[in-house]
Each structure stands twice: as structure tokens, then as C-alpha cells.
Amino acid sequence: MNVGILGTGNLAVALGRAWASAGHSLLITGRDPRHASEAAAQVGDAASAVDPADFAGRADVVVVAVSWAGLEAAVSLVGGPQGALAGKTVIDCTNPVDYATGELKPASGSAAELVACSAPGASVVKALHLFAGASWPYVGSKETAPVVAICGDTPSALDLAAALIGDLGGQTAVAGGLASARQLEEAAGFVMRVVAAGHNPRLAVPDVDPALLSAAGTTTD
Ligand SMILES: NC(=O)c1ccc[n+]([C@@H]2O[C@H](COP(=O)([O-])OP(=O)(O)OC[C@H]3O[C@@H](n4cnc5c(N)ncnc54)[C@H](OP(=O)(O)O)[C@@H]3O)[C@@H](O)[C@H]2O)c1
């Protein structure tokens, strides 16, 4: 599959390498063609830098990996507002978080919803914002594979995102529609706050076996 990555930084390279090792081709673009070429070179032979104007037409799926401050500009760069991403699955990995405080920068809504507004007709999925890019590919046992919480409104787009996460070695938990994206983005802020307080976030959430909950007839309502 031609995985288009909008972004040329650390996450773009980390995900690009991991998907390249799973057999995908990567198309990398950004506002600076030199950065796109450098990122493609770091990913390797499976990657090529593409012009933003050609990006949407060539990518089977789009992964957004840019800074929060550049999100709207980046989606515009590839023609999102003009409908260039209509009909495509767009996976938003952005963290709209103040890294110093763990607070979300948008007062309401989410980065993923901003992507959806900026790219009419695209099927946006929030995913892959919580784990460091260096986590991928995960090559340990299946039982302990990272669980990537994702959300979105389009079942086929969620399936495609889950397949790509599977190619990274991860598992997927679908956590609602795109309106849930703020909660998933808040989770990243929560993790940052726990780390800043000197603790491992793994120890800051309860260890709950879902099998025990269903055996006890517990519901989440
Ligand atoms: N790194 C990770 O492990 C990781 C993991 C999960 C999620 N994330 C999230 O993924 C996103 C990218 O992270 P990163 O670590 O790859 O950051 P990074 O290395 O700093 O790269 C940032 C990217 O955003 C682009 N950008 C910044 N401002 C822009 C603007 N105004 N218009 C267009 N493009 C702009 C940069 O382009 P230029 O090169 O031209 O400046 C660059 O391609 C962030 O939202 C981050 O929170 C990162």
C-alpha cells in the first residue's frame, strides 16, 4: 500500500521505517522539500519524497504527523480544504498538548476534528499519538503488544487504521467516534503529567482484565 505521510520529522521517519519493514511504500511530504527528501532517505528505499500537490492523488492512506501549530497549514498544503483528501482515510497522530503542563491546547474539540474540518470528505481516524514512534515496530509477544486506542466515524477507515497498526505489531481498541478524539488526546496529556510527576504511567492506570468484567456481568453504562 502507498502510505502517505504528511510530516517530515521524528514520527514520520519512525512510522515510515516500521511500515517499510512491513512491506509498504511510503510517500513523504511537508512544507520543506529538503526535509521531505531527508526524511525519505532516512526511511530508506521504500520511501520517496513527493510534492505536496501530488501527495493526495498518490497516497492510498494519509498519516498526519506534524506539530499541532502546523496542523491546519499542513492539511491545506496538500489540498485538504479543496477536497483533495475526500474519500481517503486520514490518520491523525498529532498531540495538541502543551508538553510543559500536559494541558490540551485547543479549548474545545480536538486536533483530529480540526483535520476533519480542514479536509472535507476525508474519513479521519485518531490514532498512534500516544506511543513514541520508537515503540514501532513492536516485535514482542502478541499478548503484551501495545494497545492503540483509536476513534473515528467510518468503519472502513477504522479497519484500515487497525490493519496498519497491526503491521506495526500493535493491537487496536476502538474507543468511539471522532467526537471521542479529545478524550484520546487528553490521555496523552495525562501520560505527560504522570511522567512529569516522576512516575511510570503504566502504574497510573488500573490493571483490569476485561474477561473478568464480562464474567461478572459488569457493563460500562
Ligand atoms: N515523535 C514521536 O515519537 C511522536 C509520537 C506520537 C505522536 N507524535 C506527534 O506527532 C507530531 C509530529 O511529531 P514529531 O516528533 O515528528 O515532530 P518533529 O520532529 O518536530 O516534526 C514536526 C513536523 O511538523 C512540521 N511542521 C511544523 N510546523 C508546520 C507548519 N506550520 N506547517 C507545516 N508543517 C509544519 C515540521 O515541518 P518542518 O520540518 O518544515 O519544520 C515537521 O515535518 C506531533 O504532533 C507529535 O506530538 C510524535
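Numbered according to my numbering, the sequence shown spans residues 1167 to 1387.
Glycine included, every Cβ here is placed at the ideal spot set by N, Cα and C.
Owing to the predicted nature of the structure, the values given are computational and were not obtained by experimental measurement.
Please name the residue, chosen from the options, that lies closest to residue i on a Cα-to-Cα basis.
i, options, result
"residue 1176", "1188, 1168, 1202 and 1187", "1202"
"residue 1185", "1174, 1259, 1209 and 1198", "1209"
"residue 1256", "1197, 1294 and 1274", "1294"
"residue 1285", "1248, 1183 and 1187", "1248"
"residue 1225", "1197, 1168 and 1234", "1168"
"residue 1326", "1292, 1347 and 1304", "1292"
"residue 1313", "1287, 1368, 1189 and 1206", "1368"
"residue 1179", "1307, 1231 and 1239", "1231"
"residue 1346", "1287, 1375 and 1315", "1315"
"residue 1216", "1342, 1174, 1309 and 1330", "1174"
"residue 1260", "1274, 1219, 1331 and 1237", "1237"
"residue 1188", "1364, 1330 and 1363", "1330"
"residue 1239", "1380, 1198, 1379 and 1308", "1198"
"residue 1309", "1220, 1364 and 1375", "1375"
"residue 1266", "1361, 1207, 1307 and 1206", "1361"
Checking 9 Å against the spacing of the C-beta atoms, do residue i and residue j come in under that value?
i, j, result
"residue 1311", "residue 1335", "yes"
"residue 1280", "residue 1354", "no"
"residue 1228", "residue 1192", "no"
"residue 1278", "residue 1318", "yes"
"residue 1263", "residue 1234", "yes"
"residue 1289", "residue 1350", "no"
"residue 1124", "residue 1358", "The question about residue 1124 has no answer here: the residues shown for the chain are numbered 1167 through 1387."
"residue 1190", "residue 1333", "yes"
"residue 1340", "residue 1324", "yes"
"residue 1222", "residue 1271", "no"
"residue 1348", "residue 1274", "yes"
Tell me the residue span of the alpha helix (DSSP H) that contains residue i.
i, result
"residue 1179", "1176-1187"
The beta strand (DSSP E) that contains residue i, what's its start and end?
i, result
"residue 1264", "Premise fails: residue 1264 is in no beta strand (DSSP E) and is neither H nor E."
"residue 1276", "Unbroken run through residue 1276: none, as it is neither H nor E."
"residue 1308", "Run containing residue 1308: none; DSSP gives neither H nor E here."
"residue 1244", "No beta strand (DSSP E) contains residue 1244, which DSSP labels as neither H nor E."
"residue 1320", "Here residue 1320 belongs to no beta strand (DSSP E), and DSSP marks it neither H nor E."
"residue 1170", "1168-1172"
"residue 1292", "1289-1292"
"residue 1191", "1191-1195"
To the nearest whole angstrom, what separates the beta carbons of residue i and residue j, a pair I think is in contact under 8 Å?
i, j, result
"residue 1212", "residue 1194", "About 11 Å separates the two Cβ atoms, so there is no contact after all."
"residue 1196", "residue 1181", "14 Å between Cβ atoms; not a contact."
"residue 1388", "residue 1328", "The first residue shown for the chain is 1167 and the last is 1387, placing residue 1388 beyond what the model contains."
"residue 1344", "residue 1282", "6 Å"
My parser needs the beta strand (DSSP E) runs of 3 or more residues fully inside the segment 1209-1238; what are they? 1213-1215 and 1227-1230
Of all the alpha helix (DSSP H) runs that stay within the bounds of the segment 1325-1383, which reach a length of 4 or more residues? 1347-1362 and 1376-1381
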